[in-house]
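Structure, as structure tokens:
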Amino acid sequence: MIKLAPSLLSADFCRIAEQIAEVERAGADYLHLDVMDGRFVPNLTWGPKIVQDIRKCAKVPLDCHLMIVEPEKYVEEFRRAGADIITFHYEATPHAHRLLTHIRELGAKAGVALDPQTPVAALQDIIDQADLVLIMSVNPGFSGQQFIERAYEKLREARALIDANGLACELEVDGGIGPENAREVVEAGARVLVMGSKIFDGGKPAEALQHVRGLLAT
Ligand code: DX5
Ligand code: ZN
């Protein structure tokens, strides 16, 4: 079963509870929350308080994508706020293995994200500690960017690594995903699709989500 994770980065925060309910009713599997610090990426979003508030009105697991430097300083706080999956960037810490283990100890699913510049081979010695691998198909920081084609090959490589080791690790893809390429990323090995602008920008998030679901079912 393919999981769909709408990214609230593109949602209307004046109507956030309503928008969450809409995508949940339409079958969203996770809510993807993009945490940005203006240092790891050139954009700012929100901290644990927003995650905590969203937790109160959300039913599905919260998939927190930390695009921040020194993620090890904040994982406990995001876990306390209600994050179910905590994904940090491989490029943001010198101790990815330790951090994955620590996130698991906190009772969350541990995810590691790779920027477009980082080869899948970087995962070789840490993937057994990961519950989720996130392949970035844009440079992190903004919604609405164009999908980087090289991501298909990286998904295939990551899928092969996961399968060869018999791991239950989820393979997620984030950036520039929509109806035009959802099938292709799944064929390349992705099992969790993050989508921001293509879900929310048209003003009909439930329809947009169901449209992608339908495309994947055929
Ligand atoms: C970008 C974020 C994404 C973003 C995706 O750095 O990690 O989650 O919301 O937006 P779209 O789907 O518009 O590329
Ligand atoms: Zn994201």
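Count along the sequence shown starting at 1, add 1, and that's the number in my numbering. Built from N, CA and C at the ideal position, the CB exists for glycine as well.
Taking a cut-off of 5 Å from the heavy atoms of the ligand ZN, the residues with a C-beta inside it are D35, H66 and D175.
Under the 8 Å Cβ criterion, the segment 123-138 counts as touching the segment 106-113, having at least three qualifying pairs. In the same chain as A97, and ignoring 5 residues on each side of it, the C-beta atoms closer than 7 Å to its own belong to Y91, V113 and I127, in chain order.
The beta-carbon separation of E171 and V193, rounded to 5 Å, stays under the 8 Å limit for a contact. Closest in C-alpha terms to K74, from the list R56, P141 and H103, comes H103. A straight-line Cα-Cα distance of about 32 Å links T119 and A218. Checking the DSSP bridge columns, you'll see D126 has no partner listed. For C58, the enclosing alpha helix (DSSP H) has its first and last residue at P49 to C58.
For the ligand DX5, no non-hydrogen atom lies closer than 8 Å to the CB of M2.
Separation of the CB atoms of A191 and L168 is rounded to 15 Å, and the pair is thereby denied contact status at 8 Å.
Counting of Cβ neighbours within 10 angstroms places M2 among the exposed residues, the total staying below 16.
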